[in-house]
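Participant: Take this structure first; my questions come after.
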Amino acid sequence: MSFLWEGIKEAARLVATGDAATLHAVWVSLLCTAVSITLAAVIAVPYGAWLGLYRPRGRRTQVFFLRVGMSVPTVVIGLLVFGLLSRRGLLGSFDLLYTQIAIIAGEFLLAFPLLGTLAHGATAELDPEVVETPLTLGAGRWRAMLKVLRERRVAIVAAYLAAFGRCITELGIAITVGGNLRLHTRTLPSSIQLELSRGEFGKALAPGILLVLLACGAALITHRLSRESEA
Amino acid sequence: MRPALFLLVLVLVSACGSGTGDHARRLRLATTTSTRDSGLLDDLLADFYKLHPMEVQVIAVGTGQALALGARGDADIVLVHARSREDAFMAAGHGLLRRDVMWNDFVILGPPADPAGIRGTTDALEALRRIRASGARFVSRGDDSGTHIRERALWKLAGGPPTGADAYLDAGQGMGRCLVIADEKGAYILADRGTYLSFRKRIDLEVSCAGDVRLRNPYGAMIVDPDKHPDVNAAGARLFLDYLTSSRGRSRIASYRMDGKALFHPHAPG
Chain A
426 MSFLWEGIKE AARLVATGDA ATLHAVWVSL LCTAVSITLA AVIAVPYGAW
476 LGLYRPRGRR TQVFFLRVGM SVPTVVIGLL VFGLLSRRGL LGSFDLLYTQ
526 IAIIAGEFLL AFPLLGTLAH GATAELDPEV VETPLTLGAG RWRAMLKVLR
576 ERRVAIVAAY LAAFGRCITE LGIAITVGGN LRLHTRTLPS SIQLELSRGE
626 FGKALAPGIL LVLLACGAAL ITHRLSRESE A
Chain B
-4 MRPALFLLVL VLVSACGSGT GDHARRLRLA TTTSTRDSGL LDDLLADFYK
46 LHPMEVQVIA VGTGQALALG ARGDADIVLV HARSREDAFM AAGHGLLRRD
96 VMWNDFVILG PPADPAGIRG TTDALEALRR IRASGARFVS RGDDSGTHIR
146 ERALWKLAGG PPTGADAYLD AGQGMGRCLV IADEKGAYIL ADRGTYLSFR
196 KRIDLEVSCA GDVRLRNPYG AMIVDPDKHP DVNAAGARLF LDYLTSSRGR
246 SRIASYRMDG KALFHPHAPG
């Protein structure tokens, strides 16, 4: 038990003194996660909502593939992106492997099916009238959908935060295509992995605690929003 | 004092062993990935099992973590390659006994284009200086492994590592992954010859510099002190250490081949 306590004290010290490498890892984690889930949300949320509200042909198949996409292990996504970005791969000439862009690409693929599925879920069960009303009032299908999404914004923000939680804690992609390069692509999860491999339990806990704080922050916001929407 | 205590522990451990059966037959060996990945360890263990029917659990990690496992009593014997760390481990009282076991060598690998112009150099420091001067990329292990410790020592002797953040890539990962990163980035890297040989067919990197005496890589084995951690299987560890340094173990090490090439050289006795 004292072993764990020593680790926690060391972690607090690193965070309090603002260790440069740790803070940079926080920055890389936040940046890559924010960019990837925002890009994914811009496409996946309207896509999922469209499927949910207008039930186009092939909806079931598409929802099925979104769900399958959600269960693809992150290391496999990492492999896929690696295969594309490798020197020998399709996009090899751009020298993108082991960059933040590579991590963003991987996390985009991770977040997309999650956001699509949740956006579909948030709209599919609604009374058909919610879109029919604006449609009969002369709004286009796109506009009508945006109106519904605005009403369902709590569910959408919750989906966004779920994607945030998934991507910020992601290790497989960060290691495989990020390369864990110090002050380049080292994220909080890959810092934990590295410090453990060095046998530095306390130093591994510092990014661990920061990660928990970020994830808790996201959960807290979700909780707040859902309470407000109930009120 | 020490030998007497050791005997006492031996008696205790064998007493426990006869009572519980499995405890004394299980040996936890913390070692570096290089010994496992080269296939040497499997070869040695197969021979060791013929002499002693034991269960050896191999925990293959970086040197830093292997030593930490030993210091916490989560391993019975530690086989690593970082002499200064090994001495510190013994000085801190974590180890009961340390012996030199064998050595292999490091090589500096580089891309076929050889932007630093070092192919064929046998002076490791000159090679590093040219890498730094040319601004070519260099991938560092950055994980406190034995290879990383050597890498840092060599850079220090050569006047310091490259300063550009884009030239010096600190990857913080194992040898295999770092080789892949260096290969992908067209970078130079310090690697142990064993891991390089096992990756040779899958990467374009070539040996740019080898043969410098400063690239020798000695391995030492240490039995974890059972005074500090009573559940350490010191008797089993002693059997394995004796095997490694016996004439049978040494000739097994010397005759191990990877791709038809000798990798490890047993430490000369005496």
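Chains as they are written, first to last, in our numbering: chain A, 426 to 656; chain B, -4 to 265. Glycine is no exception: its CB is placed at the ideal position from the N, C-alpha and C atoms.
Rounded to whole angstroms, what is the Cα-Cα separation between leucine 104/B and isoleucine 529/A?
Facilitator: 30 Å
Participant: Please check if any C-beta of chain B sits within less than 7 Å of the C-beta of leucine 521/A.
Facilitator: no
Participant: Just curious, the alpha helix (DSSP H) that tyrosine 191/B is in, first and last residue?
Facilitator: 188 to 194 is the span of the alpha helix (DSSP H), which, as asked, contains tyrosine 191/B.
Participant: Do arginine 125/B and alanine 148/B come within 7 Å of each other at the CB atom, strictly closer than that value?
Facilitator: no
Participant: What residues from chain A crowd round leucine 164/B, counting only those whose CB sits closer than 9 Å?
Facilitator: Tyr523, Gly604, Leu606, Arg607 and His609
Participant: With DSSP run on the structure shown, which of helix, strand or coil describes arginine 649/A?
Facilitator: Assignment of arginine 649/A by DSSP, reduced to helix, strand and coil, places it in the helix class.
Participant: Does the beta-carbon of glutamine 52/B have 16 or more other beta-carbons within 10 angstroms, so that it is buried, or is it exposed?
Facilitator: exposed
Participant: Taking aspartate 109/B as the reference, give the member of Ala87/B, Ser129/B, Gly90/B and Gly34/B with the closest Cα.
Facilitator: Ser129/B
Participant: Just tell me which of Tyr44/B, Glu81/B, Arg20/B and Asn99/B has its CA closest to the CA of arginine 209/B.
Facilitator: Selected option, being the one with the closest Cα: Asn99/B.
Participant: With DSSP run on the structure shown, which of helix, strand or coil describes alanine 87/B?
Facilitator: If DSSP states are grouped into helix, strand and coil, alanine 87/B belongs with coil.
Participant: At what residues does the beta strand (DSSP E) containing valine 227/B begin and finish?
Facilitator: Per DSSP, valine 227/B belongs to no beta strand (DSSP E) and is neither H nor E.
Participant: With 7 Å as the threshold, decide whether the Cβ of aspartate 139/B is near any Cβ in chain A.
Facilitator: Chain A contact via Cβ: present.
Participant: Let me check understanding here. Comparing Cα to Cα, which of Gly597/A, Ile502/A and Met570/A lies closest to valine 555/A?
Facilitator: It is Met570/A whose Cα lies nearest to the Cα of valine 555/A.
Participant: Identify the continuous beta strand (DSSP E) that holds glutamate 201/B and give its terminal residues.
Facilitator: 201 to 204
Participant: Can you tell me which of the three DSSP states glycine 16/B falls into?
Facilitator: For glycine 16/B, the predicted structure reports a pLDDT of 45, less than 50, and the residue's modelled location is therefore unreliable. The matter cannot be settled from this model.
Participant: Quick one: which unbroken beta strand (DSSP E) runs of 3-plus residues sit fully inside the segment 74 to 150 of chain B? Chain order, please.
Facilitator: 90 to 105 and 133 to 135
Participant: Taking the alpha carbon of alanine 466/A as the point to measure from, which residue in Glu532/A, Arg482/A, Arg480/A and Leu621/A has its own alpha carbon closest?
Facilitator: Glu532/A
Participant: Is the CB-CB distance between glycine 231/B and tyrosine 238/B below 7 Å?
Facilitator: No, Cβ-Cβ distance for glycine 231/B and tyrosine 238/B is not below 7 Å.
Participant: Following the continuous beta strand (DSSP E) through threonine 27/B, name the residue where it begins and the one where it ends.
Facilitator: 21 to 27
Participant: For histidine 648/A, collect the residues of the same chain with a Cβ closer than 6 Å to its Cβ; drop the 5 residues on either side in sequence, then sort them by chain order.
Facilitator: none
Participant: Based on Cα-Cα distance, which residue from Leu22/B, Pro157/B and Ser250/B lies nearest to tyrosine 183/B?
Facilitator: When C-alpha distances from tyrosine 183/B are compared across Leu22/B, Pro157/B and Ser250/B, the shortest belongs to Pro157/B.
Participant: Does valine 497/A come out as helix, strand or coil in the three-state DSSP assignment?
Facilitator: coil
Participant: Taking only runs of the alpha helix (DSSP H) that begin and end inside the segment 516 to 590 of chain A, which ones reach a length of at least 4 residues, in chain order?
Facilitator: 525 to 549, 554 to 561 and 566 to 576
Participant: If the cut is a Cβ gap below 7 Å, which residues of chain B does threonine 619/A touch?
Facilitator: Residue identity check: residue 619/A is leucine in the sequence provided, not threonine. The contacting residues are Asp138 and Gly167.
Participant: Could you compute how far the alpha carbon of isoleucine 617/A sits from the alpha carbon of isoleucine 433/A?
Facilitator: 14 Å
Participant: Expressed to the nearest angstrom, what Euclidean distance is found between the alpha-carbon atoms of tryptophan 567/A and valine 573/A?
Facilitator: Rounded to whole angstroms, tryptophan 567/A to valine 573/A spans 10 Å at the Cα level.
Participant: Between the segment 599 to 606 of chain A and the segment 432 to 452 of chain A, can you find at least three pairs of beta-carbon atoms closer than 8 Å?
Facilitator: A contact is defined here as three or more CB-CB pairs under 8 Å, and the segment 432 to 452 of chain A fails this definition with respect to the segment 599 to 606 of chain A.
Participant: Residues of the segment 621 to 654 of chain A with a CB closer than 9 Å to any CB of chain B: list them in chain order, please.
Facilitator: Those residues of the segment 621 to 654 of chain A placed with their C-beta closer than 9 Å to a C-beta in chain B are Leu621, Ser622, Arg623, Gly624, Glu625 and Phe626, ordered along the chain.
Participant: Could one say the Cβ of isoleucine 176/B lies closer than 7 Å to chain A's Cβ atoms, at least one of them?
Facilitator: yes
Participant: Nearest CA to the CA of leucine 120/B: which residue from Ala86/B, Ala66/B and Gly155/B?
Facilitator: Gly155/B
Participant: For proline 538/A, which residues from the same chain have a beta carbon less than 6 Å from its beta carbon, with the 5 sequence-adjacent residues on both sides left out?
Facilitator: Around proline 538/A: Leu491, Gly494 and Met495.
Participant: Is the segment 210 to 230 of chain B in contact with the segment 61 to 77 of chain B, if contact means three or more CB pairs nearer than 8 Å?
Facilitator: yes
Participant: Nearest by alpha-carbon distance to valine 460/A: which of Ile593/A, Thr499/A, Ala583/A and Leu619/A is it?
Facilitator: Of the listed residues, the one whose Cα sits closest to valine 460/A is Ile593/A.
Participant: Mind pulling the chain A residues with CB within less than 7 Å of valine 268/B?
Facilitator: The requested residue 268/B does not occur in the structure, where chain B is confined to residues -4 to 265.
Participant: In the segment 483 to 515 of chain A, which residues sit with their C-beta less than 8 Å from some C-beta in chain B, listed in chain order?
Facilitator: Ser511 and Arg512
Participant: Do you know offhand how far isoleucine 526/A's Cα is from glycine 517/A's?
Facilitator: Cα atoms of isoleucine 526/A and glycine 517/A: separation of roughly 13 Å, rounded to the nearest angstrom.
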